[in-house]
Each structure stands twice: as C-alpha cells, then as structure tokens.
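Quick mapping for you: the protein sequence lines, in order, are chains A and B. Its first residue numbered 1, the first sequence is counted upward by one per residue in the working numbering. Its first residue numbered 1, the second sequence is counted upward by one per residue in the working numbering. Glycine included, C-beta positions come from ideal geometry on N, C-alpha and C. Written out below as structure tokens is the structure these notes cover.
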Amino acid sequence: MRGGDGIAKSGGALPESFQDLGPFAHWALSAEVERMAARENSTLEELQVFYDAMMRRLPAIVEYLNLFPLDRMPEEAQRLLQMALSLNEVSFAVERYRQPRVINGRERARFFPGQ
Amino acid sequence: MTTVIGNKRWAKKFPELGTAPVAAESCISPEFFELERERIFRRSWLCVGNVCVLPERGDYIVREVAICDAQILVMRGQDGVVRGFHNVCSHRGNTLAWDESGRCRGYMTCNFHSWGYDSTGQLKWVPDAENFFDLDKSKLGLTPVATEIFNGFIFINLDPRETLAEYLDGVTQRLTPEGFDQLRLQRSYRVNERANWKVALDAQNEGYHVSSQHRYLMPNLFVGTDEGCLRLEDVSFFNRHSVYTAELNAAYRPTPIEAAMFQIDQGPSRCRLPMRNVFEFYLLFPNFVMIFFRGPANDSCITHTFWPLAVDRTLWEIRFYGPDPQNAAERLSQDFMQVFNRVVFDEDATAHETVHAGLASRAKQHLILQDEEVAIRHFHKVVDEQVAIRNGA
Numbered sequence: 001m002r003g004g005d006g007i008a009k010s011g012g013a014l015p016e017s018f019q020d021l022g023p024f025a026h027w028a029l030s031a032e033v034e035r036m037a038a039r040e041n042s043t044l045e046e047l048q049v050f051y052d053a054m055m056r057r058l059p060a061i062v063e064y065l066n067l068f069p070l071d072r073m074p075e076e077a078q079r080l081l082q083m084a085l086s087l088n089e090v091s092f093a094v095e096r097y098r099q100p101r102v103i104n105g106r107e108r109a110r111f112f113p114g115q
Numbered sequence: 001m002t003t004v005i006g007n008k009r010w011a012k013k014f015p016e017l018g019t020a021p022v023a024a025e026s027c028i029s030p031e032f033f034e035l036e037r038e039r040i041f042r043r044s045w046l047c048v049g050n051v052c053v054l055p056e057r058g059d060y061i062v063r064e065v066a067i068c069d070a071q072i073l074v075m076r077g078q079d080g081v082v083r084g085f086h087n088v089c090s091h092r093g094n095t096l097a098w099d100e101s102g103r104c105r106g107y108m109t110c111n112f113h114s115w116g117y118d119s120t121g122q123l124k125w126v127p128d129a130e131n132f133f134d135l136d137k138s139k140l141g142l143t144p145v146a147t148e149i150f151n152g153f154i155f156i157n158l159d160p161r162e163t164l165a166e167y168l169d170g171v172t173q174r175l176t177p178e179g180f181d182q183l184r185l186q187r188s189y190r191v192n193e194r195a196n197w198k199v200a201l202d203a204q205n206e207g208y209h210v211s212s213q214h215r216y217l218m219p220n221l222f223v224g225t226d227e228g229c230l231r232l233e234d235v236s237f238f239n240r241h242s243v244y245t246a247e248l249n250a251a252y253r254p255t256p257i258e259a260a261m262f263q264i265d266q267g268p269s270r271c272r273l274p275m276r277n278v279f280e281f282y283l284l285f286p287n288f289v290m291i292f293f294r295g296p297a298n299d300s301c302i303t304h305t306f307w308p309l310a311v312d313r314t315l316w317e318i319r320f321y322g323p324d325p326q327n328a329a330e331r332l333s334q335d336f337m338q339v340f341n342r343v344v345f346d347e348d349a350t351a352h353e354t355v356h357a358g359l360a361s362r363a364k365q366h367l368i369l370q371d372e373e374v375a376i377r378h379f380h381k382v383v384d385e386q387v388a389i390r391n392g393a
C-alpha cells in the first residue's frame with residue numbers, strides 16, 4: 001500500500017459529502033491493472049477495512065455519482081467512481097477467497113489488456 | 001424451474017455421440033495440428049471481431065490468423081461496407097497496416113515504396129508509376145478475403161466452401177438480431193497459454209467443473225443436484241456448432257456486493273438479446289465462443305477466441321460487450337460483472353496449462369467424459385470429422 005499516513009499523495013480531494021472516505025483516497029486508481037496491483041499488494045485486513053467503509057457508503061456513492069453524465073464528471077466525482085471500481089476489484093478477495101489473491105490464479109501476470 | 005435434474009440425459013438425447021472415452025492424441029499430435037491447419041482453419045468461418053469497433057468510415061483493425069500464416073485487414077470503406085483483405089501490399093508483399101487498429105484518412109500507404117490504397121482496397125497511388133511495365137492499378141488492389149457479418153460479429157474465411165449463413169446453420173434462426181446493435185466492446189484481455197487450443201476451449205465448454213474449480217466464486221449459482229453439481233437446462237447442436245443453457249438457482253444467496261450491484265442495475269433497459277434462459281453458451285466452430293448473460297436491465301455478452309499458435313501454444317482472446325453505460329450505476333454494475341468473470345477465467349486458465357502438460361506426458365490416452373461434458377464430446381467429434389475430409393465438402 002502507498003504511504004503510511006492514511007491519505008495518499010496521489011489521491012486528491014473527494015466530494016464534500018464523502019470526506020469520511022479520505023483515508024482511502026489512494027484507491028482512486030484509473031486503470032484496472034493498477035486496481036489489481038493495489039489489491040494484490042494489500043493485506044486482507046487492509047482490504048477488509050476499505051471494503052467495509054465503501055460498502056457502508058455505496059448507496060450514497062451511487063446516488064451522488066448518478067447526478068453526473070459519465071463523460072462530464074467533475075474530478076472529485078471521478079475519484080469517487082474509481083474508488084467504487086476498486087471496491088469491485090477487492091470484493092471477491094474479501095467476500096469469497098478471504099485472501100488478497102485469486103486462489104490458484106495468476107492475475108496480472110496472465111491478463112493483458114487487448115483489443 | 002425447467003431444468004430436469006437427472007443423470008445421463010444428454011446421452012439419451014444424442015445417442016449418435018456415444019459414451020466412449022475421447023482420444024487425447026489430437027491435443028498433442030503435431031501431425032494432427034497440421035491437418036487442423038489445412039482442413040479446419042483454412043476453410044472455416046473465423047470470427048475476428050465486431051463492427052462496433054469500426055464505427056466510422058475508414059476505421060480498420062488488423063488480426064493475426066497465425067495458424068494460416070495470414071494477417072487480415074478488416075476495414076470499413078468510404079462506402080460504409082466492411083471488407084476483409086490480406087494485409088499485404090501488391091507491390092512486393094510488404095505488410096501494409098502496422099497498427100492493430102486505426103482510421104484510414106485518404107490512403108493506406110505502404111511504408112516500403114508508398115503504394116497507396118483507398119479504404120475499399122483499390123490501388124490508387126504508385127510513385128514513379130511511368131517507370132513500371134504495363135502497370136494496371138485497377139488489377140492490383142488488396143487481395144480480398146471472404147468477409148461476412150452475423151449480428152455485428154465479423155467472420156472471415158480464407159477458402160469458403162459455403163456462405164456464413166449456411167455455415168452457421170440453425171444458429172441463425174435461434175440468434176435473431178435484436179439487441180446486438182447495442183453491444184459495444186467494453187474490455188478485453190489477451191492470454192498466452194502453453195496449451196493446445198482444444199484443451200483451452202474444452203475447459204470452458206462444460207458445466208461439470210463449476211462446483212469444483214469455481215467452488216469459492218459461485219457455489220450453487222446455477223441449478224444442480226443436491227450435491228451441488230451443475231445440470232444444464234438444455235443442450236442443442238446445429239451442425240458443427242453447439243449451445244447450452246443454464247438456469248439460476250433460486251436458493252442462491254448473493255454476497256453483499258452482488259446484491260448491491262444487482263439492485264443498482266436498473267437501466268434504462270435497451271439491450272435484450274435473444275435468450276431463452278439467463279445463461280447461454282454458444283460454440284461457433286471452430287474457435288469462437290459467445291456467452292450471453294441476462295442482467296436485471298440489460299443483457300451482455302462475453303466472447304472467447306482461441307487462436308492456435310502451435311500444437312501446444314494458444315492465444316486466448318476475451319472480449320466483454322454490453323450497452324454503453326448511461327450512468328455511474330450502470331458503469332459500476334458492468335464493471336463488477338466483468339471483474340467477476342475475469343477472476344472466473346483466471347481460475348479456468350490454471351487448468352488449461354496443467355491439463356495440457358498432463359496430456360503431453362502421454363500418461364493418459366483418453367479424456368473420460370461424463371454426461372454434462374457432452375458438448376466437449378460433440379466438439380471433438382466435429383474436429384475429427386473435419387480433419388478426415390480430404391478435399392472439403
């Protein structure tokens with residue numbers, strides 16, 4: 001995980017009503033391969049804390065993000081959307097495997113973005 | 001529930017397929033691979049993508065059909081027609097387009113001597129043309145490759161013996177066109193595998209493994225026996241092709257995020273595909289799989305293409321198609337479904353290489369198939385039949 005101070009340098013600001021998710025702003029990652037790497041490089045405990053925080057706010061997050069057209073989303077909302085995509089990425093590790101990596105999987109080593 | 005939970009149902013429905021073990025030799029034999037090259041891949045209709053990636057006139061993609069030593073350029077002409085060509089310059093055979101995709105603005109120009117072709121494949125420009133001998137540009141266009149489109153999916157054939165519709169047989173009646181025009185390419189992966197293409201394909205082509213290999217990810221997601229072993233709802237064969245369907249288990253308990261994503265996927269509804277059940281798996285012979293999923297508001301499609309590179313090497317292409325998301329809720333629920341399936345395929349892929357290694361050791365000479373693996377039985381029978389046809393039908 002990046003940084004030990006909770007709020008990562010790369011994260012940036014979140015929308016006003018989601019300041020409570022600030023400690024998880026380093027999960028605002030634009031590329032799938034980055035989200036996979038962040039999951040693979042986290043402990044289950046770290047994933048669990050992020051998952052719990054995001055699941056609690058998911059209905060509010062979706063309601064807020066739905067206010068914006070996808071192609072004209074303010075930067076702060078985009079970060080929140082990326083965090084929600086990271087929630088998808090970590091969900092099966094928390095809910096299914098109870099470990100950060102796919103059991104018997106090869107993940108980033110195997111799945112290269114194609115066309 | 002429409003699924004009949006019984007044993008040996010498909011052997012009764014398809015007695016012609018028999019019940020004997022299937023020989024493994026065809027998955028490891030270099031000689032058999034050479035026959036597949038000549039008698040299957042050079043003569044079959046092969047899917048190379050979807051028209052949704054060619055929205056504008058001049059848009060093109062280049063696809064490697066390595067087993068036929070061919071590179072195919074598929075381009076939407078200025079007249080709107082999608083055509084396939086060998087990606088080879090008429091002058092001395094150089095590769096024409098070097099990018100995997102692009103847009104032809106004006107001419108496609110060979111970088112060797114700058115011969116230029118328009119988006120319909122006609123040769124339009126030759127530098128220093130007067131210094132050639134009897135040069136007739138009208139006869140020196142790109143070499144066309146038979147190209148046809150079925151519900152937006154582009155198929156090419158290097159030596160067609162029949163039209164695409166004839167080739168697809170009853171599939172065209174079952175897969176009516178509704179919904180397909182909404183599909184957009186949303187995500188794709190490429191996986192290089194040390195496995196025979198049939199070994200990789202077989203791993204997808206049955207439901208028996210679901211309760212075992214996917215025991216963490218989708219326990220009891222589909223209807224099955226008390227033991228949890230999946231029972232397909234229906235299996236049908238159309239000439240060389242197959243389709244099977246599965247039904248969701250009403251007793252399935254979704255995880256918190258599955259329940260949340262299911263709930264937020266509320267549309268607007270605009271992509272309903274011609275499905276009879278929530279999960280449908282088509283194998284269009286030889287190497288193209290389309291899987292259809294029913295969603296709360298919209299349906300979606302995953303395709304697999306298994307490109308043989310060598311007897312023990314395969315390029316596995318995975319593509320996810322769905323309607324363009326209209327809001328963040330759709331974007332998230334689509335992403336969840338795609339990430340989930342990527343993980344399913346990661347679990348699947350593990351056995352592609354380990355099964356191939358096992359067969360290559362020659363410790364075993366046969367695949368022992370049970371009734372729910374009937375589509376594999378059909379597929380191998382078709383492969384054997386096609387390879388046995390010397391000069392084509």
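- CA nearest to the CA of glutamine 20(A), picked from Gln115(A), Asn66(A), Ala60(A): On the first sequence, position 20 is the one that residue 20(A) refers to. Strictly speaking, residue 20(A) in this sequence is aspartate, with glutamine absent from that position. Considering only alpha carbons, the answer is Ala60(A).
- Can a CB atom of chain A be found closer than 7 Å to the CB of isoleucine 395(B)? The structure shown does not extend to residue 395(B), since chain B is modelled only from 1 to 393, so the question has no answer here.
- Item | Short Cβ contact (7 Å threshold) for tyrosine 252(B) with leucine 221(B) | If you number the second sequence from 1, residue 252(B) lands on position 252. If you number the second sequence from 1, residue 221(B) lands on position 221. Yes, the Cβ-Cβ distance between tyrosine 252(B) and leucine 221(B) is below 7 Å.
- Item | Which listed residue (Met83(A), Ala37(A), Gly105(A)) has its alpha carbon closest to that of proline 15(A) | Here residue 15(A) refers to the residue found at position 15 of the first sequence. Looking at the Cα atoms, Met83(A) is the closest of the given residues.
- In chain A, what lies closer than 7 Å to tyrosine 216(B) by C-beta? Along the second sequence, one-based indexing puts residue 216(B) at 216. In chain order: Arg96, Tyr97, Ile103.
- Query: chain B beta carbons: is any one of them nearer than 7 Å to that of valine 92(A)?
  - Reply: Position 92 of the first sequence holds residue 92(A). For the sequence presented, residue 92(A) should be read as phenylalanine rather than valine. Output row for phenylalanine 92(A): interface = yes.
- Select from the region 236 to 269 of chain B all residues with a C-beta closer than 7 Å to any C-beta belonging to chain A, and list them in chain order. Thr255, Pro256, Ile257, Ala260, Ile264
- Compare the Cα-Cα distances from cysteine 104(B) to each of Ala129(B), Val62(B), Phe132(B) and report the closest residue. In the second sequence, counting from the first residue as 1, residue 104(B) sits at position 104. The residue with the shortest Cα to Cα distance from cysteine 104(B) is Val62(B).
- Message: Less than 7 Å between the beta carbons of methionine 275(B) and tyrosine 282(B), yes or no?
- Response: Walking along the second sequence from the start, residue 275(B) turns up at place 275. Walking along the second sequence from the start, residue 282(B) turns up at place 282. No, Cβ-Cβ distance for methionine 275(B) and tyrosine 282(B) is not below 7 Å.
- What are the residues of the region 16 to 28 of chain A that lie near chain B, defined by any Cβ-Cβ distance shorter than 7 Å? Correct list: empty, as no residue qualifies.
- Task: Taking the CB atoms as reference points, tell me whether threonine 172(B) and alanine 165(B) lie closer together than 7 Å.
- Result: Counted from its first residue, the second sequence places residue 172(B) at position 172. Counted from its first residue, the second sequence places residue 165(B) at position 165. Contact: yes.
- Determine, using beta carbons only, whether alanine 328(B) comes closer than 7 Å to chain A. For the purposes of this step, residue 328(B) is taken as the residue at position 328 of the second sequence. Judged by the 7 Å Cβ criterion, alanine 328(B) is in contact with chain A.
- Item | Three-way DSSP call (helix, strand, coil) for lysine 13(B) in this model | If you number the second sequence from 1, residue 13(B) lands on position 13. Helix at lysine 13(B).
- Decide if arginine 2(A) is buried, meaning its Cβ has at least 16 other Cβ atoms within 10 Å, or exposed. Within the first sequence, the letter at position 2 stands for residue 2(A). At arginine 2(A), the pLDDT of 38 sits below 50, so the modelled position is not reliable; the number obtained from the coordinates is stated separately. With fewer than 16 other Cβ atoms within 10 Å, it is exposed.
- Message: Just to confirm before moving on: does the CB-CB distance between histidine 91(B) and tryptophan 125(B) stay below 7 Å?
- Response: By one-based count along the second sequence, residue 91(B) stands at place 91. By one-based count along the second sequence, residue 125(B) stands at place 125. No. Outside cutoff.
- Less than 7 Å separating the beta-carbons of leucine 87(A) and methionine 54(A)? To locate residue 87(A), count along the first sequence from 1; it is residue 87. To locate residue 54(A), count along the first sequence from 1; it is residue 54. The answer is yes: Cβ separation under 7 Å.
- Message: Within a Cβ cutoff of 8 Å, which residues of the same chain sit near serine 269(B), ignoring the five residues on either side of it in sequence?
- Response: Within the second sequence, the letter at position 269 stands for residue 269(B). Only Ala297, Asn298 meet the Cβ criterion.
- Query: Taking one C-beta from the region 324 to 332 of chain B and one from the region 34 to 52 of chain B each time, how about it: are there three or more such pairs within less than 8 Å?
  - Reply: Not touching, per the Cβ criterion.
- Query: For the region 179 to 208 of chain B, which residues have a beta carbon sitting closer than 7 Å to at least one beta carbon of chain A?
  - Reply: Ser188, Tyr189, Arg190, Val191
- Message: If you follow the beta strand (DSSP E) that asparagine 192(B) is in, where does it begin and where does it stop?
- Response: Walking along the second sequence from the start, residue 192(B) turns up at place 192. Note, asparagine 192(B): beta strand (DSSP E), 184 to 193.
- Proximity to glycine 93(B) [Cα-Cα], best of Gly141(B), Glu148(B), Asp79(B): Residue 93(B) sits at position 93 when you count from the first residue of the second sequence. For glycine 93(B), the nearest C-alpha among the options comes from Gly141(B).
- If you drop the 5 nearest sequence neighbours on each side, which residues of the same chain put their C-beta closer than 7 Å to that of aspartate 5(A)? To locate residue 5(A), count along the first sequence from 1; it is residue 5. The predicted position of aspartate 5(A) is uncertain, since its pLDDT is 39 and thus under 50; no value can be drawn from it.
- Item | When Gly77(B), Glu372(B), Gln334(B), Gln338(B) are compared against glutamine 263(B), the one with the closest alpha-carbon | On the second sequence, position 263 is the one that residue 263(B) refers to. Out of Gly77(B), Glu372(B), Gln334(B), Gln338(B), Gln334(B) has the C-alpha closest to the C-alpha of glutamine 263(B).
- Message: Distance cutoff 7 Å, beta carbons only. Does asparagine 66(A) sit that close to anything in chain B?
- Response: For the purposes of this step, residue 66(A) is taken as the residue at position 66 of the first sequence. So, interface residue.
- Message: Counting only Cβ-Cβ distances shorter than 9 Å, please list the residues of the region 95 to 110 of chain B near chain A, keeping chain order.
- Response: Glu100, Ser101
- Local Cβ density within 10 Å of leucine 81(A), reported as buried at 16 or more and exposed below that: The residue you call residue 81(A) lines up with position 81 of the first sequence. So leucine 81(A) ends up on the buried side.
- Using Cβ-Cβ distances below 7 Å, what residues of the region 312 to 336 of chain B are close to chain A? Near chain A, meaning a CB-to-CB distance below 7 Å, the residues of the region 312 to 336 of chain B are Glu317, Pro325, Asn327, Ala328, Ala329, Arg331, Leu332, Asp335, Phe336.
- Can you say whether proline 21(B) is buried or exposed, counting buried as having 16 or more other CB atoms within 10 angstroms of its CB? The sequence position of residue 21(B) within the second sequence is 21, counting from 1. Counting Cβ neighbours within 10 Å, proline 21(B) comes out exposed, since fewer than 16 surround it.
- Message: Distance check for glutamate 178(B) and alanine 393(B), CA to CA, integer angstroms please.
- Response: Taking the first residue of the second sequence as 1, we reach residue 393(B) at position 393. Taking the first residue of the second sequence as 1, we reach residue 178(B) at position 178. With a pLDDT of 49 at alanine 393(B), under the threshold of 50, the predicted position of this residue should be treated as unreliable, and no value is reported.
- Message: I'd like to know whether the C-beta atoms of isoleucine 156(B) and glycine 49(B) end up nearer to each other than 7 Å.
- Response: In the second sequence, the residue the question calls residue 156(B) occupies position 156. In the second sequence, the residue the question calls residue 49(B) occupies position 49. Against a cut-off of 7 Å, the Cβ pair of glycine 49(B) and isoleucine 156(B) comes out as no contact.
- For a contact meaning CB atoms closer than 9 Å, what does glutamate 347(B) contact in chain A? Residue numbering aside, residue 347(B) sits at position 347 when the second sequence is read from its first letter. The contacting residues are Val102, Ile103, Asn104, Gly105.
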